[in-house]
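Below is one structure, written out as structure tokens; comments come after it.
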Amino acid sequence: MNAEHALLSADDAEQAAADWLARLDRDGLLNGPVDVDALCDARHDFDVWLNAEVAHRVAFLRAATAWSRAERLAALRTNGAIPRRPILHRPVIQMLAAAACIAMAALVVIPLGLFDGAPGQPAPLHYQTARGEIKTLTLEDGSVLTLNTDTSVDVIFSDDERQVALIEGEVFFDVAKAPERPFLINAGEGQVRVLGTSFGIERRQNVVEVAVSEGTVWIGSSAHADMSESILMPGMIGYASVSGVMVETSGVEAVGQRLLWREGRLSFDDTPLREVAAEFNRYNTIQLVITDDVTGDIEIGGTFRLDNVEAFARLANQGLGLDVSHAPGRIELSSK
Numbered sequence: 003m004n005a006e007h008a009l010l011s012a013d014d015a016e017q018a019a020a021d022w023l024a025r026l027d028r029d030g031l032l033n034g035p036v037d038v039d040a041l042c043d044a045r046h047d048f049d050v051w052l053n054a055e056v057a058h059r060v061a062f063l064r065a066a067t068a069w070s071r072a073e074r075l076a077a078l079r080t081n082g083a084i085p086r087r088p089i090l091h092r093p094v095i096q097m098l099a100a101a102a103c104i105a106m107a108a109l110v111v112i113p114l115g116l117f118d119g120a121p122g123q124p125a126p127l128h129y130q131t132a133r134g135e136i137k138t139l140t141l142e143d144g145s146v147l148t149l150n151t152d153t154s155v156d157v158i159f160s161d162d163e164r165q166v167a168l169i170e171g172e173v174f175f176d177v178a179k180a181p182e183r184p185f186l187i188n189a190g191e192g193q194v195r196v197l198g199t200s201f202g203i204e205r206r207q208n209v210v211e212v213a214v215s216e217g218t219v220w221i222g223s224s225a226h227a228d229m230s231e232s233i234l235m236p237g238m239i240g241y242a243s244v245s246g247v248m249v250e251t252s253g254v255e256a257v258g259q260r261l262l263w264r265e266g267r268l269s270f271d272d273t274p275l276r277e278v279a280a281e282f283n284r285y286n287t288i289q290l291v292i293t294d295d296v297t298g299d300i301e302i303g304g305t306f307r308l309d310n311v312e313a314f315a316r317l318a319n320q321g322l323g324l325d326v327s328h329a330p331g332r333i334e335l336s337s338k
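In the working numbering, each number is its position in the sequence shown, counted from 1, plus 2.
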């Protein structure tokens with residue numbers, strides 16, 4: 003074998019694959035879907051490297067998948083399929099190969115048909131909240147679920163596993179450790195598996211969002227469970243949709259701010275007022291209405307009680323100088 007293409011360690015192969023991606027991108031060869039055969043035809047040296055060892059091809063395909071996820075995440079955000087959360091900064095897409103190798107020994111793919119009415123399966127326990135209601139419940143294994151506003155879940159436990167179906171809304175899970183009984187969550191577009199950890203999961207607009215505050219969480223796409231999955235560590239947020247799984251690192255503090263709804267508060271960081279209004283409207287019957295684009299573009303920061311929309315409107319008037327107009331069931335905010 004040519005010494006130039008000698009077998010690399012796993013880390014070296016991953017680094018070489020990342021370097022090749024950057025090089026191919028600079029050459030303008032990654033403007034569309036990653037086509038390995040076309041890339042080999044375009045660059046003979048890449049062809050030689052890729053086919054020198056199986057490890058090279060595996061590392062490149064893994065890196066190309068992460069690359070494609072990053073492109074899809076950007077496209078989804080641009081198209082509004084993944085609305086930017088108030089406390090999140092622009093995503094830093096993470097390649098989780100090392101973490102996956104460590105954690106996958108204990109984490110396996112979820113079956114996609116939870117609660118499919120299998121013979122002998124008990125009827126699920128159903129829990130839900132109304133708009134503005136936040137409810138905490140303790141399951142028989144000691145796991146604690148905190149349901150956010152407008153949330154609905156079904157729960158089935160057996161001797162072998164614990165299953166939750168998130169039908170709609172948002173839940174914070176504090177899962178009791180029970181290695182012999184994995185905890186499975188079916189959220190439609192996304193699947194989650196844990197052994198014992200703390201995290202929030204939200205199902206909205208055909209996207210499942212998982213924010214991890216403690217422990218390790220496996221997340222997979224229902225549409226691509228065999229090839230689109232990631233391991234999330236504390237401070238990471240994963241998104242699962244029909245396009246696959248994408249990951250960003252926000253940090254433990256940011257995740258904590260993201261989950262402040264459990265304490266009855268909302269946190270914003272340079273967030274457009276239209277997004278702030280949308281968050282308040284999830285919890286209140288009185289709706290905030292932004293009447294013009296100029297007002298909607300105003301960015302604010304701070305922490306506010308999620309159920310005190312009147313106080314927020316007063317602050318918008320006194321602190322931002324906005325006009326505030328009251329009508330039945332709504333408060334309109336506009337620029338003077």
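Positions of the beta carbon are idealized from the N, C-alpha and C atoms, including for glycine.
All values reported here derive from a predicted model rather than from experimental measurement.
Proximal residues to residue i (C-beta, below 8 Å), its chain only, five neighbours per side dropped
{"i": "Asp14", "result": "none"}
{"i": "Asp21", "result": "none"}
{"i": "Glu216", "result": "Thr199, Ser200, Phe201 and Pro236"}
{"i": "Leu261", "result": "Phe174, Gly202, Ala213 and Ser215"}
Separation of residue j from residue i, as counted between CA atoms
{"i": "Thr138", "j": "Leu147", "result": "6 Å"}
{"i": "Ser154", "j": "Ala61", "result": "40 Å"}
{"i": "Gln130", "j": "His328", "result": "31 Å"}
{"i": "Val326", "j": "Val177", "result": "44 Å"}
{"i": "Asp43", "j": "Asn150", "result": "52 Å"}
{"i": "Thr275", "j": "Asn208", "result": "It is Leu, not Thr, that sits at residue 275 in the sequence shown. Between Leu275 and Asn208, the C-alpha separation is close to 24 Å."}
{"i": "Ala65", "j": "Val157", "result": "37 Å"}
{"i": "Ala57", "j": "Gly246", "result": "24 Å"}
{"i": "Thr199", "j": "Ala132", "result": "26 Å"}
{"i": "Asn33", "j": "Leu26", "result": "10 Å"}
{"i": "Val214", "j": "Gly134", "result": "24 Å"}
{"i": "Asp295", "j": "Ser337", "result": "9 Å"}
{"i": "Val194", "j": "Gly144", "result": "19 Å"}
{"i": "Ile233", "j": "Gly331", "result": "43 Å"}
{"i": "Leu290", "j": "Ala318", "result": "11 Å"}
{"i": "Ala54", "j": "Gln17", "result": "16 Å"}
{"i": "Leu23", "j": "Asp47", "result": "13 Å"}
{"i": "Phe174", "j": "Ala279", "result": "23 Å"}
{"i": "Glu172", "j": "Asp29", "result": "43 Å"}
{"i": "Ser373", "j": "Glu142", "result": "Residue 373 falls outside the range modelled here, since the chain spans only 3 to 338, and no answer is possible."}
{"i": "Val38", "j": "Lys179", "result": "42 Å"}
{"i": "Ile292", "j": "Met248", "result": "31 Å"}
{"i": "Leu335", "j": "Glu231", "result": "42 Å"}
{"i": "Arg307", "j": "Val257", "result": "18 Å"}
{"i": "Pro184", "j": "Trp263", "result": "27 Å"}
{"i": "Arg206", "j": "Glu250", "result": "18 Å"}
{"i": "Ser224", "j": "Ala19", "result": "28 Å"}
{"i": "Ile136", "j": "Glu277", "result": "21 Å"}
Spatial neighbours of residue i in its chain, beta-carbon cut-off 6 Å, leaving aside the 5 residues before and after
{"i": "Arg59", "result": "Leu52"}
{"i": "Val210", "result": "Ala189, Glu191, Gly192 and Ala242"}
{"i": "Thr305", "result": "Arg267 and Ser269"}
{"i": "Asp272", "result": "Glu301 and Gly303"}
{"i": "Ala315", "result": "Val326 and Ile333"}
{"i": "Thr140", "result": "Val146"}
{"i": "Met281", "result": "Residue 281 is actually Glu in this sequence, not Met. Excluding sequence neighbours, Glu281 sits near Leu268."}
{"i": "Glu2", "result": "As displayed, the chain neither begins before 3 nor continues past 338, which places residue 2 out of reach and without an answer."}
{"i": "Asp152", "result": "Arg133 and Gly171"}
Per DSSP, the bridge partner or partners of residue i
{"i": "Arg195", "result": "Leu186 and Trp220"}
{"i": "Glu255", "result": "BP columns for Glu255 are empty, so no partner."}
{"i": "Ala167", "result": "Asp156 and Asn188"}
{"i": "Arg205", "result": "Gly171 and Val210"}
{"i": "Thr140", "result": "Val146"}
{"i": "Asp176", "result": "Val146 and Ser200"}
{"i": "Met248", "result": "Tyr241"}
{"i": "Glu231", "result": "Gly222"}
{"i": "Leu127", "result": "Val157"}
Proximal residues to residue i (C-beta, below 7 Å), its chain only, five neighbours per side dropped
{"i": "Glu255", "result": "none"}
{"i": "Leu31", "result": "Leu41 and Ala44"}
**Prompt:** Looking at C-beta atoms only, is the number of pairs between the stretch 179-191 and the stretch 160-171 that lie closer than 8 Å three or more?
**Reply:** yes
**Prompt:** So, do the stretch 264-284 and the stretch 240-249 have three or more beta carbon pairs nearer to each other than 8 Å?
**Reply:** no
**Message:** Within 8 Å, do at least three Cβ pairs link the stretch 145-164 to the stretch 215-226?
**Reply:** no
**Request:** Determine, using beta-carbon pairs with one atom in the stretch 231-240 and one in the stretch 124-133, whether at least three such pairs fall under 8 Å.
**Result:** no
**Request:** Could you say if the stretch 318-337 and the stretch 296-305 meet the contact criterion of at least three C-beta pairs nearer than 8 Å?
**Result:** yes
**Message:** For a minimum of 3 consecutive residues, which ranges assigned as the beta strand (DSSP E) are wholly contained in the stretch 258-335?
**Reply:** 267-274, 289-292, 301-307 and 325-329
**Request:** Spell out a yes or no on whether the stretch 274-292 and the stretch 308-317 are touching, meaning 3 or more CB-CB pairs, one atom from each, closer than 8 Å.
**Result:** yes
**Ordered list of alpha helix (DSSP H) runs contained in the stretch 38-65, each at least 4 residues** = 38-44 and 46-54
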